[in-house]
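Under mature numbering (1 follows the signal peptide of the UniProt record, and there is no 0), read the sequence shown as residues -18 to -1, 1 to 528, first letter to last. Don't be surprised by glycine CBs; every beta carbon is placed ideally from N, CA and C. Please read these numbers as outputs of a predicted model, since none were measured by experiment. Beneath this line is the structure, given in structure tokens, with notes to follow.
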Amino acid sequence: MRLSSATIILAAAASVAAHPLPSNRIRWTDCAKNVPESDITFNSSTVDLSSLPSTLHCGELDVPMDYSKPFCETNKITLGLAMVRPAHPKGGLFFNPGGSDAGVVVAWEVALNLTNAFDGLLDFDLFVMDMRGTYSSNPLNVSLDLFAGLGGPYPTTQTEYDNVKNASAMVIQSWVDNSSPPGIIEHVGTREVVQDYEMARRALGYEKINFLGASQGGFRASQYAATFPHRVGNFVMDASAPHGRVRSPHHVDLWSMYDQVQDSVAGMNRVMLRADAYCRNNASCPFHSEGKGSVVKAVKQIINTAKQTPYLIPSCVNSTTCSPYITDLDIRNGLQGALLGSPDFPSIFEAIYSTLSGDASAFISPPSTVASVNSMPLLCNDCGSQKLACYSRGNANAGTIDYPRTFEYFKKSLDDGLKLACSGWTFPVPENKRIKTNQSLLIIAADFDASAPEEWTIFNWETAPNSVLAIKHGEDHGSFPLVHQPATKMMNEFLNTGVLPSAQNSSQVSVYTHGMKPAPISDPYAVPTGPEAGDVDSGVVVEIGF
């Protein structure tokens, strides 16, 4: 769900200054000829392209592929961008939705009133771009047939680990072979993205920018703030991934995602308990009458059943797009995916209930698309497995070392699936170092967020003494789409005025200023659940996702 070094980024920034940069000009284009791809929330076929809103602007920006080298035709990529621009903007607001999620489409959704997620922020120039390597920004390409080798359970032997590592290497080589310009695969990490944002700021002429970073977008925003502190306006990190949360319980000198993985496991368990609490509070849940723990019990039951005898899917028997059997691994992966982000609990309950009755079709995995897997090279660029930061007995300035990619190390480090997927990565990655900042940031977390566990956000806040931490007790991953929730109102107030919220505590959100100690994570059965508390419910509200 990823990390890069602010120190290396600063060095890269200094290096860039020595090389010619492209002219700071955005090529504004005809939006009607640059329509984003349709997805679950945006259907381009329903848009009247002859009368697009005057506030919607589309464009392109040329930037270096490799910022450490001179800009030229062979070291150039083009980024796709879009803006929603009022007549008299109060400043620039950059938005990053996280992961490899499409950015440009967000501006279309806002301009066409398909979402109210940015209500209260429309006096800004809203700027979004597709991350380099995705969608309209020089998208990478890969053979999807090779991804099958990356599926399956975690390895339990050296041979199984080697098989996954070899599969990872084949997938990565496919990206190298199928993407252009040559070498682009090595330059789609956060190190480059923050430079892209700086190029956009210069092109738009803002002295400072405001930034709303959601999920991995918060990771990018915090790295931009550390790299270009004099360009920071009002920055919000909403459910952000951490920089530098690394250690190994067995090898203190070695880089490991051990702490991050433990946080993720705890976060996933908390969301499962929140699902159970939601069921207790909602009579429409098929397990409501069975009392506390009924959802967890049902999940264990379908997993154990599938482990003994996989569920048959008759419609997939002769299909080339789905497997005729649903295994326990399919159920585990399906539930994990459903519980990430902002989970739709009623849909999850229905999937579990149907599977108990013998119909496991809810766990059929749709065919992968290039867009759905492009997050892998972006994240491998930040924390691939070839180089490990070496903290020599407290020497934070130590460099990087090669370490054998062995199954024994993998077991001891307890690294997560990301490191496993990136086990075949052979390119250098930045040192993973904790970021410290004196900027006044608003940092938002949630007790029940499996995508960005609360522990990550508290870790970020501890080294930002002038920042404020807001912890939600009844919402999930990301605040900004939930326009009526207290945390979102605080976020909008800060972005508009620069005034951070004061310390406070309620059933929905607690706010901490520097020196305060966050309270223990809430009891999932003691806090509000349901749409009024910020949960997604497919039968009650419709959420516009990004």
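Which residue's Cα is closest to the Cα of residue i: the options?
| i | options | result |
| --- | --- | --- |
| Leu322 | Val253, Val214, Pro79 and Phe441 | Val253 |
| Asn315 | Gly81, Gln198, Tyr136 and Ala69 | Tyr136 |
| Pro447 | Ala248, Thr495 and Pro35 | Thr495 |
| Gly366 | Trp443, Val170 and Pro349 | Val170 |
| Val481 | Ala508, Ser492, Ser449 and Pro500 | Ser449 |
| Ile8 | Ala353, Leu31 and Ala64 | Ala64 |
| Met473 | Ala434, Ser504 and Leu423 | Leu423 |
| Leu132 | Lys471, Ala403 and Pro410 | Ala403 |
| Gly115 | Val45, Leu75 and Pro35 | Val45 |
| Cys13 | Asp30, Ile22, Asn6 and Pro296 | Asp30 |
| Asp21 | Leu43, Gln318 and Ala84 | Ala84 |
| Thr419 | Phe441, Ser405 and Ala432 | Phe441 |
| Met152 | Pro163, Pro164, Gly134 and Ala130 | Ala130 |
| Ala213 | His225, Glu168 and Gly74 | This sequence places Arg at residue 213; Ala is not what is there. The candidate whose alpha carbon is nearest that of Arg213 is Gly74. |
| Pro349 | Asn487, Thr28, Leu128 and Ala434 | Leu128 |
| Leu38 | Thr11, Gln283, Ala208 and Thr209 | Thr11 |
| Arg227 | Ala485, Lys51, Ser246 and Thr28 | Ser246 |
| Lys72 | Asn192, Phe53, Val355 and Pro463 | Asn192 |
| Thr209 | Tyr49, Ile417 and Pro513 | Ile417 |
| Ile59 | Gly273, Ser82, Asn487 and Ser161 | Ser161 |
| Lys15 | Leu34, Thr23, Asn6 and Phe24 | Leu34 |
| Ile166 | Asn286, Thr56 and Gly81 | Thr56 |
| Lys279 | Ala353, Ala248, Leu338 and Gly62 | Leu338 |
| Pro463 | Ser150, Ser197 and Arg184 | Ser197 |
| Ser520 | Pro325, Asn478 and Asp310 | Pro325 |
| Thr351 | Leu361, Pro513, Ser82 and Cys54 | Ser82 |
| Leu96 | Phe24, Ala353 and Ala207 | Phe24 |
| Asp364 | His225, Ala501, Gln318 and Asp48 | His225 |
| Asn6 | Glu19, Thr28 and Leu43 | Leu43 |
| Ala432 | Tyr49, Thr302, Pro412 and Gln318 | Gln318 |
| Met181 | Gly134, Asn264, Tyr49 and Pro164 | Tyr49 |
| Phe76 | Glu475, Phe217 and His70 | Phe217 |
| Gly273 | His70, Arg262, Asp241 and Ala353 | Arg262 |
| Gly41 | Ser504, Lys282 and Gly62 | Gly62 |
With a threshold of 7 angstroms on Cβ separation, who are the neighbours of residue i within its own chain once the five nearest residues in sequence on each side are excluded?
| i | result |
| --- | --- |
| Gly275 | Asp258 |
| Asp517 | Tyr260, Phe327, Asp458 and Thr511 |
| Phe430 | Arg252, Val253, Arg256, Asp458 and Pro506 |
| Met498 | Ala485 |
| Ala508 | none |
| Leu360 | Ser82, Met113, Gly115, Val170 and Gly171 |
| Pro68 | Thr37, Leu104 and Asp105 |
Quick one: what's got a C-beta closer than 8 angstroms to residue i's C-beta in the same chain, skipping five residues either side?
| i | result |
| --- | --- |
| Pro510 | His455, Gly456, Ser489 and Gln490 |
| Arg202 | Asn78, Thr172, Val175, Val176, Tyr179 and Gly195 |
| Ala469 | Ile426, Ala452, Lys454, Glu457, Ser461, Gln490 and Val491 |
| Glu332 | Pro268 and Ala344 |
| Val92 | Val66, Ala99, Phe100, Leu104 and Leu108 |
| Val355 | Val124, Leu126 and Phe129 |
| Glu514 | none |
My understanding is that residue i touches residue j, with C-beta atoms under 8 angstroms, so please give their C-beta distance in whole angstroms.
| i | j | result |
| --- | --- | --- |
| Trp407 | Ile154 | 6 angstroms |
| Ile330 | Ile284 | 12 angstroms between Cβ atoms; not a contact. |
| Met239 | Lys415 | That pair is no contact at about 14 angstroms. |
| Met111 | Val86 | 7 angstroms |
| Val493 | Pro483 | 5 angstroms |
Which same chain residues, not among the five before or five after residue i, have their C-beta less than 6 angstroms away from its C-beta?
| i | result |
| --- | --- |
| Val465 | Asn98 and Asp101 |
| Phe345 | Ile308, Asp312, Ile313 and Gly316 |
| Thr138 | none |
| Ala427 | Glu436, Thr439 and Ile453 |
| Ser125 | Ser156 |
| Val17 | Ser26 |
| Phe306 | Before going further, note that residue 306 is Pro rather than Phe in the sequence given. The answer, listed in chain order, is Ile295, Cys298 and Val299. |
| Val158 | Ile167 |
| Asn377 | Since pLDDT at Asn377 reaches only 31, below the 50 mark, its modelled position is unreliable, and the value read off the structure follows with that caveat. Taken in chain order, the list of residues that qualify is empty. |
| Ala342 | Tyr293 and Ile308 |
| Gly80 | Ala196, Ser197, Gln198 and Gly199 |
| Gly215 | Lys190, Ile191 and Asn192 |
Note to self: Measuring CB atoms only, is the stretch 137 to 155 touching the stretch 113 to 120, in the sense that at least three cross pairs come out at less than 8 angstroms?
What the structure shows: With the cut-off at 8 angstroms, the stretch 137 to 155 and the stretch 113 to 120 do not touch.
Margin query: For the pair the stretch 172 to 188 and the stretch 101 to 115, tell me if three or more CB-CB distances fall below 8 angstroms.
Written below: Short answer: they touch.
Note to self: For a minimum of 3 consecutive residues, which ranges assigned as the beta strand (DSSP E) are wholly contained in the stretch 93 to 171?
What the structure shows: Positions of the beta strand (DSSP E) runs, each at least 3 residues long and wholly inside the stretch 93 to 171, are given as 107 to 111 in order along the chain.
Check: Are the stretch 217 to 224 and the stretch 290 to 306 in contact at 8 angstroms, needing three or more beta carbon pairs?
Finding: Fewer than three beta-carbon pairs drawn from the stretch 217 to 224 and the stretch 290 to 306 are found closer than 8 angstroms, and the two stretches are therefore not classed as touching.
Note to self: Report the start-end ranges of each beta strand (DSSP E) in the stretch 425 to 503 that is 3 residues or longer and not cut off at the edges.
What the structure shows: Those beta strand (DSSP E) runs which fall completely within the stretch 425 to 503 and span 3+ residues are 450 to 454 and 491 to 494.
Check: If you scan the stretch 252 to 298 from start to end, which runs of the alpha helix (DSSP H) of 4 or more residues do you find wholly inside it?
Finding: Counting only runs of 4 or more, we get 276 to 290.
Check: Can you list, in chain order, the stretches of the alpha helix (DSSP H) that have 4 or more residues and sit fully within the stretch 295 to 361?
Finding: Correct list: 310 to 321, 327 to 338 and 352 to 355.
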